[in-house]
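Numbering (the numbering used here), first residue to last: 4 to 103.
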């Protein structure tokens with residue numbers, strides 16, 4: 004099962020622009036096959052565009068979170084390849100909202 008990063012206070016799953024196996028850019032949650040380490044977490048926060056000066060750039064506030072394959076796919080579906088949306092996991096369910 005894949006791992007992602009979840010903000011411990013808000014439940015937000017870390018998302019950003021990435022490149023898939025076909026070398027196409029997309030906006031989706033960050034996923035790992037195994038639990039990410041501290042370096043991977045910091046790198047993912049930077050890659051997601053969270054500035055080190057930003058209060059959200061506190062790796063200790065992001066926890067490794069295991070999703071089922073279905074939940075990982077649904078999280079990306081809910082993002083709609085739109086950087087103006089966030090997906091979060093609360094009370095055992097995925098939810099998404101538009102920021103704009």
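Yeah, the Cβ is synthetic: ideal placement off N, Cα and C, and Gly gets one too. Just so we're clear, the structure is a prediction, and the values are computed from it rather than from any experiment.
Quick check on the DSSP output: the beta strand (DSSP E) that includes residue i runs from which residue to which?
i          : result
residue 21 : 18-22
residue 96 : 96-101
CB residue i to CB residue j, shorter than 8 Å?
i          : j          : result
residue 6  : residue 37 : yes
residue 33 : residue 70 : no
residue 16 : residue 91 : yes
residue 4  : residue 66 : no
Pull up the DSSP beta-bridge partners for residue i, would you.
i          : result
residue 90 : 99
residue 10 : 65
residue 29 : 21
Tell me whether residue i sits in a helix, a strand or coil according to DSSP, three-state version.
i          : result
residue 53 : coil
residue 48 : helix
residue 82 : helix
- Item | Cβ contact check for the stretch 38-45 and the stretch 89-100: 3 or more pairs under 8 Å | The stretch 38-45, when compared against the stretch 89-100, does not touch it at the 8 Å Cβ threshold.
- Touch test, the stretch 59-68 against the stretch 23-30, Cβ-Cβ under 8 Å, three pairs minimum: Taking 8 Å as the limit for Cβ pairs, the verdict is that the stretch 23-30 does not touch the stretch 59-68.
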